[in-house]
Amino acid sequence: MWTVTGEGGIAVLNLARKLKNFIFTDDNVNDENDEFDTQEEIKNDTKIFSDYQSGTANVSENDKTIIREPLRKKEVRLRVLTQNGIEKEIVIDSVETNIGRQKSNEIVLNDKSVSRVHAQLINKKYYYKIRDLSSTNGSYVNGKAIKEQKLVDGDKIKLGKTTLEFSLDG
Numbered sequence: 004m005w006t007v008t009g010e011g012g013i014a015v016l017n018l019a020r021k022l023k024n025f026i027f028t029d030d031n032v033n034d035e036n037d038e039f040d041t042q043e044e045i046k047n048d049t050k051i052f053s054d055y056q057s058g059t060a061n062v063s064e065n066d067k068t069i070i071r072e073p074l075r076k077k078e079v080r081l082r083v084l085t086q087n088g089i090e091k092e093i094v095i096d097s098v099e100t101n102i103g104r105q106k107s108n109e110i111v112l113n114d115k116s117v118s119r120v121h122a123q124l125i126n127k128k129y130y131y132k133i134r135d136l137s138s139t140n141g142s143y144v145n146g147k148a149i150k151e152q153k154l155v156d157g158d159k160i161k162l163g164k165t166t167l168e169f170s171l172d173g
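Positions 4 to 173 (this note's numbering) are the ones given, in order, by the sequence shown.
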């Protein structure tokens with residue numbers, strides 16, 4: 004909820020009214036705290052976002068309510084791929100999962116081109132992202148070098164010579 008004061012308050016209020024009919028996509032999520040700029044209600048660990056002016060949390064054709072379930076209700080997997088197919092399938096169930104050559108990682112890769120602690124998978128409740136941890140050979144998603152990137156179902160992650168496939172099984 005906003006409190007608007009001062010000369011700029013009217014402009015902010017007009018902007019808020021224009022945004023009332025805004026349709027949310029994953030790009031509208033604030034990465035830092037996973038919040039939307041709207042009213043929200045939580046029922047059984049599902050956030051229900053509703054139009055601020057109507058204040059409703061009912062799904063109907065008349066309002067702009069969106070219901071999104073957290074990812075933990077889906078099974079998230081990383082598949083280690085080889086030229087012959089899938090070598091190993093790993094279920095991801097923690098908030099942060101370290102990947103690397105070192106035995107203390109949650110996912111240990113036997114690949115000398117992978118750093119000891121190479122990358123980290125991070126559960127952001129509504130999506131996962133991968134972060135490169137200053138590895139020597141870098142991290143790649145779908146062939147593109149990344150420092151940090153949001154993951155979607157089917158993304159191919161390359162760490163050293165190892166290729167992993169990110170999978171959301173509902």
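Idealized CB from N, CA, C, for every residue including glycine.
- Following the DSSP letters along the chain, one finds residue 172 inside the beta strand (DSSP E) bounded by residues 165-172.
- Here residue 136 carries a coil assignment [DSSP, helix/strand/coil].
- Relative to residue 80, the option among 162, 97 and 86 whose CA is nearest is 97.
- Note on residue 144: 16 or more other CB atoms within 10 angstroms of its CB, so buried under the neighbour-count rule.
- Straight through space, the alpha carbons of residue 102 and residue 116 are spaced by roughly 13 Å.
- By alpha-carbon distance to residue 136, the top candidate from 127, 128 and 152 is 152.
- For residue 153, the pairing in a beta bridge is given by DSSP as 132.
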